[in-house]
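According to our numbering, the sequence shown is numbered sequentially starting from 77.
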Amino acid sequence: MKIYLMRHGETYWNHLGYIQGSSDIELTPYGIELAEKTRDGFAKDGIHFDRIYTSPYKRALKTAEIINEKQHAPLIKDSRIREMSFGAYEGKSIEELKKTDENVRFCFSLPSKYVPRGGETFQEVSARMKDFFEQEVRPLEGKCETILITCHGAFIRTVLTWVKQLPLDTFWSANSQPNCCVNLLSLEGGSFTVEKEGILYYEPSEKMKRGIL
């Protein structure tokens, strides 16, 4: 079974470089454009999804709805694939926080030392991610050929770190995950494998900001 893991389109806070986490921020017009280009790219490549899973947050849900305009697949919201909560850090500039807050620097360099300020730990996100993949995705082998999971940057890195069996402190070393970035996983014989990372169906633009969460 093929599993496409896709990040949502650009949001207003991505554009500003703010940490989003559990904050429910809308897509920008450019974010909608990226989702439409990805939708068309899937169609051009003849990729059909048997079902689409999405985070309930607006940015992921809208992205999934745009993709589904040419798919007409069952669209399933699941809170286990929502973005990591960053608590008190949400709505603040990532780059400014890195300059003044050692804990934020740990978040992006040594996640094992990160202490959430009212948000989630990396381990908590990993636990709900594993629950989703074990309870929802794994049983689909033999029933579905291809599925799409529309979600978030930190969540995607959690999946890639788990499938590759990498230590937590390599969390941010995975390929860049810009908006509407697509990653291909496979599930065969009960084993998950990362096949491709960092697929883009558009040309990166100077308009894109470094909004990674």
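All residues carry an ideal CB built from backbone N, CA and C; glycine is no exception.
Owing to the predicted nature of the structure, the values given are computational and were not obtained by experimental measurement.
DSSP places Leu92 in no beta strand (DSSP E) but in the uninterrupted alpha helix (DSSP H) bounded by Tyr88 to Leu92. Under the 10 Å beta carbon count, Gly107 is surrounded by 16 or more other beta carbons and is classified as buried.
Residue state for Tyr80 is assigned as strand, using DSSP reduced to three classes. Annotation: the continuous beta strand (DSSP E) that includes Cys227 extends over Thr222 to Cys227. In this model, Ala250 and Lys146 are separated by some 30 Å (Cα to Cα). Separation of the CB atoms of Met82 and Ile225 is rounded to 7 Å, and the pair is thereby assigned contact status at 8 Å. Burial state of Pro280 is exposed, judged by a 10 Å Cβ sphere holding fewer than 16 other Cβ atoms.
Taken in chain order, the complete alpha helix (DSSP H) segments of 4 or more residues contained in the segment 149-211 are 170-176, 178-185 and 198-208. Contact check between the segment 159-171 and the segment 261-271: fewer than three CB pairs, one atom from each, fall below 8 Å, which does not count as touching.
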